[in-house]
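Sequence order for the protein chains is A and B.
Going by the numbering used here, the first sequence runs without a break in its numbering and finishes at 769.
Going by the numbering used here, the second sequence runs without a break in its numbering and finishes at 769.
C-beta: ideal position from N, C-alpha, C; glycine also.
Treat the numbers as computed from the prediction; the structure is a model and nothing was measured.
See below for the structure under consideration.
Protein chains: 2
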Amino acid sequence: MGKSRRSMGRRIAVVCAVAAWFLGAFAGHGVRNAAAAGAGVADLMKQRGLSEADVVGALKTYVPPGKHDDYVLFASGGHGGQLIVIGVPSMRILKVVAVFTPEPWQGFGFDDDTKNIIKAGSPAGTTLTWADSHHPALSETQGDYDGKYIFINDKANARVAVVNLEDFTTVQIVRSGLIQSDHGGTFVTPNTEYVIEASQYPAPLGGAYAPIEDFEKSYRGAIIYWKFDREKGRIDPARSWAVELPPYMQDLSDAGKLVSEGWSFTNSFDTELAHGGNAEGKPPLESGASQNDMDYLHVVDWKKGEALVAAGKAKVIAGMKVLPLEVAAAEGVLTLIPEPKSPHGVDVTPDGTEIVVAGKLDTHATVYSFDKIKKLIEQKQYTGKDAYGVPILSFPDTIRGQVEIGLGPLHTQFDDKGFAYTTVFIESVIAKWSRKDLKVVQKIPCHYNVGHLAAAEGDTVSPDGKYVVAMDKWSIDRFQPVGPLEPQNFQLIDISGDQMQLLADMPLPMGEPHYGQMIKADKLKPIPVYKPVGTNPILGTKDPEAVDGGKERIERKADGVHVYMTAVRSHFTPDTVRVKEGDMVHFHITNLEQTQDATHGFGVDAYNVNLSLEPGEHNNVSFKADRAGVFPMYCTEFCSALHLEMAGYLLVEPAGTH
Amino acid sequence: MGKSRRSMGRRIAVVCAVAAWFLGAFAGHGVRNAAAAGAGVADLMKQRGLSEADVVGALKTYVPPGKHDDYVLFASGGHGGQLIVIGVPSMRILKVVAVFTPEPWQGFGFDDDTKNIIKAGSPAGTTLTWADSHHPALSETQGDYDGKYIFINDKANARVAVVNLEDFTTVQIVRSGLIQSDHGGTFVTPNTEYVIEASQYPAPLGGAYAPIEDFEKSYRGAIIYWKFDREKGRIDPARSWAVELPPYMQDLSDAGKLVSEGWSFTNSFDTELAHGGNAEGKPPLESGASQNDMDYLHVVDWKKGEALVAAGKAKVIAGMKVLPLEVAAAEGVLTLIPEPKSPHGVDVTPDGTEIVVAGKLDTHATVYSFDKIKKLIEQKQYTGKDAYGVPILSFPDTIRGQVEIGLGPLHTQFDDKGFAYTTVFIESVIAKWSRKDLKVVQKIPCHYNVGHLAAAEGDTVSPDGKYVVAMDKWSIDRFQPVGPLEPQNFQLIDISGDQMQLLADMPLPMGEPHYGQMIKADKLKPIPVYKPVGTNPILGTKDPEAVDGGKERIERKADGVHVYMTAVRSHFTPDTVRVKEGDMVHFHITNLEQTQDATHGFGVDAYNVNLSLEPGEHNNVSFKADRAGVFPMYCTEFCSALHLEMAGYLLVEPAGTH
């Protein structure tokens, strides 16, 4: 009692002091500066029209100047083609990482090495300069994000990129040529053995032509299992393989984990095999593909598939080892299960025991039991086969139950307390439901048309709870208008309490992010500078052409003029480069700095050159000096007080003079 | 007394109620949902380690979900080449507007019209895909931002872009070819008669070649006065003109206003005429250009210049009318005034009476009197001429005084209370000083290396006070690390009180913003959808190829296959397009929607096509179908529940088949 009374007394004293300050009656002790003193909380609420809930939102999301965020959300950049890195809970964009679309600030697609990365990921005869980036996947170790790499797919051109999180740099883009579009990627297996990429719109495999009339016969889908070589930090196409699929339109995928490790799951729509033709008397795909009440969940035993490929059962199409549909079907690698109707998301629970499928034209989330699926496959208890000979399991025998969600359920994430969170597109809500009871416990409005959602550590074996981010496709009236093309809206929702609570709206200023993964910030350990000086980020080692201080030089060789240059505050050496019209010019530039943030840019006027040379970095760039004239070249990153003086000239003497 | 006592009583009652809630003792009445109830302010401060100043920062910057910002900051995207639109005080990025760098989300540089905009702004023989965008300038009416247009320059390639704020779309890029780089642009005259672009690194005018040894003789600078035709919403190159300048490195510019309307001011460094050669025994530019204690402020009487050009005194270089240096000097169009040392910023005061120059190697801001300058020019009271014959005014006779600022002063903005705010790069502070007393009253730390700053309505004749944003070049440790290439840092500072107060840090996730202008949000009136349906945003009218619903068709013409297509949730019509390998394909697509935010994308796999079709918008795109195969084409913007079904096929039959 005595203790309690004293504690009560202390509490009252604290209450009075804090309350006094909040109400603006306090003289500003401890306040950062005097200007703040007069502005108590009540005054500020009145001045800015803030409600009590707003104050909570403000205080739960504000990250004070100089402090860091707790989580980092990696969101796809949609048809911007990039990866957007966001601090949570502040929802500040920390970086837009150039992945598929050239970006001059990072020099991505401007130096020789990154030009080659884009080129290597493009079809022969063209260079792709955009992508529809969809689903980023962080590398995992034992089913947990390890913060080392992140992968992302390009739906438009069926590509997969590898981003090294040591320096947040895209180091590889692969395109199989097997499939023409993808959607069910990227998803990684629990130790990042494979990066999964499933096709979306069927096409003849390997890029062949076949008339649309041959759709059923000649068009196919596929799931590619890209082998990731962690030691090299690269996908190894030679050790990658694929499973041929019927020409249903495959949608999202997820990899099994823990008890379901070794399996993957891909759903589909358009088991009707519709393919448009709306100007030719056929229904548009949207109705043609929406006739059947059930589509098919594709269940793949990828460990068995891997063994069969190793045993030589694959054929090679466009350089990729492909397990033929008949082999996959006959050997139990591929099995189908009915799933209601035109589903979108498939999400494996953190414990790996269940698979949640949300049917966008159905009102349920369907919960499949992996144990039941596995037993039925082992016992070969099929209800039949599809037209392509793929065995089908019984829908009622594979599910534990269904959750009545609402109109247009799409995607599901999980927390640490046994709840699941499913986005509901048409209703524009997130439904929180109990995994145990399969009952919705709360719905929270989203603004508007929520697609994916991302939970803190949400795709791991141990989600954190705490936050989900609703990824809304439309924003309409939520932000200051910026013209007919409006931002998307990420809404930060606190899920730490019994009830979900909306904390903040965040406009997405470029691209249409589809999905994201949210990792604890302290799992990321990027390097501050490149060591040793002269490191080529793509090679990961010192560049053979790296330039040591004092060894700067210009050499004329058979293939053109080679400029071995260094950059250091505040000059390039050499700063004067003389070539002749028509010369190939090769700049090899090393940033000698080892001070954090001492980045130099290198731009050459009118020659479309811009490099970003971070401290210690080396870059090479080659171009033909095909126009005579005087071209300033300069540091494009404000590096010092004498940054403007960090400049020189490329002098291109007209051909025919001497 | 009675009234006062009652009011005191009421105040106490309010205090108690609010205080109770703040401290978590309130049951949550009025709180958005129950989860918030337990979380009082004191609890949240403790949980999240927030100080009292942090609470003030949070409450002054938080914009509640669904509410709009008060100001919009248009910041340059630096060598990202774009324009970044930021809400203030939330510091949320509302949009990254594609200006110089192709951006697929907006379809900028992907459809025929915007490809042509980029092409028209590129030197013959090349297509530029990046820029070093520096200084955005909002259009003005009577010296006040009018919210209609914004202009921005490209330092790297000496270009100027026009962005229409009706739809936040880049509609024009001009490149004179006269100069090879710029810096002192864009700045507009008070009624946007002209958009000013001053050169930076001297070169032979018009793109000619001259050896670097002829620097003094053959290299020149220039200021271009681009004529803006407000009715057409375009710069009119034919009515634009330039003033030839000595080969000093011209730096920033500003236009006179009110009493100084009709004049413009451009400073410079490198009056030493150094030009590098550090591998040839000469000093690097950074030291060569830092020898003189004084450089030159260039004062231009542009109204007189305009009259002389109209009178035929200009010569034509690279298609641009250029007032020769000797004419400009002789006629009083161009006058020089000494300015201390290697200055960077030149800023005209809101009342137009004074010009503030900050010398980056000097510790002062120098305050010039326009009245004194004008009188001396009228009286031709020169102290001499420079080597190029340009008359020079007396430094002491033109200034009102100097303000002792600190190490590395750069740029100055103003408020509504008679104070000026100067960034100090080396000290990393903003110095607030009294215009009346020319004395610093406060310095606030910036993190780190502050370059420009932007004040609310800061470049108008009536700044708002309220906020300045410090544009810091380095961020080092301020944010969660994202690799060696770190974000820049915008710091929002409250200037409404006696003392400046730091409210928030904002990472800049792409490019290195140089400058920005901050406008009252309610001055911007963008359209929500394009009317009539079929509007081409670049033409500003209905496109001649616009497609009405029901009139969709495919026509084979002499120049290839023309596809007249419409888009509406959730299909393209026609959705099946058959062409032959080698055909030119011309898509003409109208988005029939008139619902706000009902944007459709249009991507063609492997053909590097992505359009953004906002509601009512029409786009055209042409490409050669040079590879046979089956290419899905689909809507790349998540438009509806059946968005994935909004797809079709481009079928390219191999050549030689029939």
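Query - Start-to-end residues for the beta strand (DSSP E) that takes in B:Gly443 - result: Position 332 of the second sequence holds residue 443 of chain B. Annotation for B:Gly443: no beta strand (DSSP E) segment contains it, and DSSP assigns it neither H nor E.
**Report entry** Amino acids of chain A, ordered along the chain, whose beta-carbon sits closer than 9 Å to that of B:Leu161
**Finding:** The residue you call residue 161 of chain B lines up with position 50 of the second sequence. Going along chain A in sequence order, the residues near B:Leu161 (Cβ under 9 Å) are Leu170, Tyr173 and Pro175.
**Report entry** Closer than 8 Å to chain A by CB, B:Lys735
**Finding:** The count along the second sequence starts at 1 and reaches residue 735 of chain B at position 624. By this cut-off, B:Lys735 is not an interface position.
Query raised in the report: Looking only at DSSP bridge pairs, what is B:His699 linked to?
Result: What you label residue 699 of chain B is simply residue 588 of the second sequence in a count that begins at 1. Beta-bridge annotation (DSSP): B:His699 is paired with B:Tyr675 and B:Asn731.
Report task. Please report the Cβ distance between A:Pro618 and B:Leu205, rounded to the nearest whole angstrom; I am assuming they are in contact, meaning their Cβ atoms lie under 8 Å. Result -> Here residue 618 of chain A corresponds to residue number 507 of the first sequence, with the count starting at 1. Here residue 205 of chain B corresponds to residue number 94 of the second sequence, with the count starting at 1. Distance from A:Pro618 to B:Leu205 at the Cβ level is roughly 5 Å; contact confirmed, criterion being Cβ atoms closer than 8 Å.
Query raised in the report: Relative to the alpha-carbon of B:Ala269, which residue among B:Asp404, B:Ser250 and B:Trp337 has its alpha-carbon at the smallest distance?
Result: Mapped onto the second sequence, residue 269 of chain B falls at position 158. The residue among B:Asp404, B:Ser250 and B:Trp337 with its C-alpha nearest the C-alpha of B:Ala269 is B:Trp337.
Query raised in the report: Residues in its own chain within less than 7 Å of A:Glu277 by CB, not counting five upstream and five downstream?
Result: Within the first sequence, the letter at position 166 stands for residue 277 of chain A. Residues of the same chain with a CB within less than 7 Å of the CB of A:Glu277, apart from the 5 flanking positions on each side, are Pro637 and Ile638 in chain order.
**Report entry** Residues bridged to B:Arg667 [DSSP beta-bridge criterion]
**Finding:** Along the second sequence, one-based indexing puts residue 667 of chain B at 556. In the DSSP output, where bridge partners are listed per residue, B:Arg667 has B:Val672.
Requested in this report: Excluding the 5 residues preceding and the 5 following B:Val688 in the sequence, name in chain order all residues of the same chain whose CB lies nearer than 6 Å to its CB.
Outcome: Taking the second sequence and counting its residues from 1, one reaches residue 688 of chain B at position 577. Its chain contains Val674 and Leu761 as the residues whose beta carbon lies nearer than 6 Å to that of B:Val688, once the 5 sequence neighbours on both sides are disregarded; these appear in chain order.
Requested in this report: Identify whether B:Arg203 lies in helix, strand or coil by the three-state DSSP scheme.
Outcome: Looking up residue 203 of chain B in the second sequence gives position 92. Taken through DSSP and simplified to helix, strand or coil, B:Arg203 comes out as strand.
Query - Straight-line gap, B:Gly759 to A:Phe380 (C-alpha atoms, nearest Å) - result: Sequence index remark: in the second sequence, residue 759 of chain B carries index 648 (1-based). Sequence index remark: in the first sequence, residue 380 of chain A carries index 269 (1-based). Approximately 15 Å, taken between the alpha carbons.
Query raised in the report: By the criterion of Cβ-Cβ separation under 8 Å, what are the contact partners of A:Pro598 in chain B?
Result: Within the first sequence, residue 598 of chain A is the residue found at index 487, counting from 1. Leu205 and Lys206, listed in chain order.
Query raised in the report: Does any residue of chain B bring its CB to less than 8 Å from the CB of A:Ser375?
Result: On the first sequence, residue 375 of chain A is found 264 positions in, with the first residue counted as 1. So no, A:Ser375 is outside the interface.
Query raised in the report: Which same chain residues, not among the five before or five after A:Leu753, have their C-beta less than 7 Å away from its C-beta?
Result: Position 642 of the first sequence, counted from the first residue, corresponds to residue 753 of chain A. Only Ser681 meet the Cβ criterion.
Query - Cβ shell of A:Arg345 (< 6 Å), same chain only, five flanking positions each side left out - result: The residue labelled residue 345 of chain A in the question sits at position 234 within the first sequence. The answer, listed in chain order, is Gln283.
Query raised in the report: Is the beta carbon of B:Asn275 less than 8 Å from the beta carbon of B:Tyr260?
Result: Walking along the second sequence from the start, residue 275 of chain B turns up at place 164. Walking along the second sequence from the start, residue 260 of chain B turns up at place 149. Result yes, Cβ atoms of B:Asn275 and B:Tyr260 sit closer than 8 Å.
Query raised in the report: Closest by CA to A:Gln291, which one among A:Ala333, A:Val459 and A:Pro301?
Result: Looking up residue 291 of chain A in the first sequence gives position 180. When each option's Cα is compared against that of A:Gln291, the closest is A:Ala333.
Requested in this report: Using the DSSP secondary-structure output, state which residues sit across from A:Phe185 in a beta bridge.
Outcome: Looking up residue 185 of chain A in the first sequence gives position 74. A:Val196 and A:Gln628.
Query raised in the report: Is the shortest distance between the beta-carbon of A:Ser250 and the beta-carbons of chain B less than 8 Å?
Result: In the first sequence, residue 250 of chain A corresponds to position 139, counting from 1. No, no contact with chain B.
Query raised in the report: How is B:Ala418 classed by DSSP in three states: helix, strand or coil?
Result: Within the second sequence, the letter at position 307 stands for residue 418 of chain B. If DSSP states are grouped into helix, strand and coil, B:Ala418 belongs with the helices.
Query raised in the report: Whose C-beta lies closer than 6 Å to the C-beta of B:Ala272 among residues of the same chain, with five residues either side of it excluded?
Result: The residue you call residue 272 of chain B lines up with position 161 of the second sequence. Only Val210, Ile263, Thr281 and Ile284 meet the Cβ criterion.
Report task. Pull up the distance between the alpha-carbon of B:Lys631 and that of B:Pro574, whole angstroms please. Result -> Counting from one through the second sequence, the residue named residue 631 of chain B turns up at place 520. Counting from one through the second sequence, the residue named residue 574 of chain B turns up at place 463. Distance between the alpha carbons of B:Lys631 and B:Pro574 is about 10 Å.
Query raised in the report: Is it buried or exposed for B:Leu650, if we count other Cβ within 10 angstroms and need 16 for buried?
Result: As a position in the second sequence, residue 650 of chain B is number 539, starting the count at 1. So B:Leu650 counts as exposed.
Query - Exposed unless 16 or more other CB atoms sit within 10 angstroms - verdict on B:Ala349 - result: Position 238 of the second sequence, counted from the first residue, corresponds to residue 349 of chain B. Classification of B:Ala349: exposed, given that the 10 Å Cβ count is below 16.
Query - Cβ-Cβ distance between A:Gly562 and B:Phe749 below 8 Å - result: Looking up residue 562 of chain A in the first sequence gives position 451. Looking up residue 749 of chain B in the second sequence gives position 638. In this structure, A:Gly562 places its C-beta atom within 8 Å of the C-beta atom of B:Phe749.
Query raised in the report: Would you say A:His558 reaches chain B, if we count a Cβ-Cβ gap shorter than 8 Å as a contact?
Result: Taking the first sequence and counting its residues from 1, one reaches residue 558 of chain A at position 447. Judged by the 8 Å Cβ criterion, A:His558 is in contact with chain B.
Query raised in the report: Roughly how many angstroms lie between the CA atoms of B:Glu437 and A:Val207, to the nearest whole one?
Result: Residue 437 of chain B sits at position 326 when you count from the first residue of the second sequence. Residue 207 of chain A sits at position 96 when you count from the first residue of the first sequence. Between B:Glu437 and A:Val207, the C-alpha separation is close to 49 Å.
Query raised in the report: Buried or exposed: where does B:Ala314 fall if 16 or more other Cβ atoms within 10 Å of its Cβ makes it buried?
Result: In the second sequence, counting from the first residue as 1, residue 314 of chain B sits at position 203. Buried, since its Cβ has 16 or more Cβ neighbours within 10 Å.
Query raised in the report: A:Tyr479: which of A:Gly500, A:Pro502, A:Asp497 and A:Leu447 sits nearest, CA to CA?
Result: On the first sequence, position 368 is the one that residue 479 of chain A refers to. When C-alpha distances from A:Tyr479 are compared across A:Gly500, A:Pro502, A:Asp497 and A:Leu447, the shortest belongs to A:Leu447.
Query raised in the report: So, do the segment 605 to 619 of chain A and the segment 169 to 176 of chain A have three or more beta carbon pairs nearer to each other than 8 Å?
Result: The segment 605 to 619 of chain A vs the segment 169 to 176 of chain A: in contact.
Query raised in the report: Are the C-beta of B:Tyr312 and some C-beta of chain D separated by less than 8 Å?
Result: Included in the structure are the protein chains A and B, with no chain D among them.
Report task. Count the other CB atoms, across all protein chains shown, that sit within 10 Å of the CB of A:Arg546; report buried if there are 16 or more and exposed otherwise. Result -> As a first step, residue 546 of chain A must be located in the first sequence, where it is residue number 435. Flag for A:Arg546 reads buried.
Requested in this report: Have a look at B:Asp404 and A:His729 and give me their C-alpha separation to the nearest angstrom.
Outcome: Here residue 404 of chain B is taken as the residue at index 293 of the second sequence, counted from 1. Here residue 729 of chain A is taken as the residue at index 618 of the first sequence, counted from 1. B:Asp404 and A:His729: Cα-Cα distance of roughly 36 Å.
Query - Unbroken stretches of the alpha helix (DSSP H), 4 residues or longer, contained in the segment 573 to 631 of chain B - result: As far as the segment 573 to 631 of chain B is concerned, it has no whole alpha helix (DSSP H) run of at least 4 residues.
Query raised in the report: Which residues mark the beginning and the end of the beta strand (DSSP E) in which B:Lys338 is found?
Result: Working through the second sequence from its first residue, we reach residue 338 of chain B at position 227. Run containing B:Lys338: Gly332 to Asp340, per the beta strand (DSSP E) assignment.
Query raised in the report: Do the segment 180 to 187 of chain A and the segment 150 to 158 of chain A touch if we need at least three Cβ pairs shorter than 8 Å?
Result: Touching, no, given that fewer than three Cβ pairs across the two stretches are closer than 8 Å.
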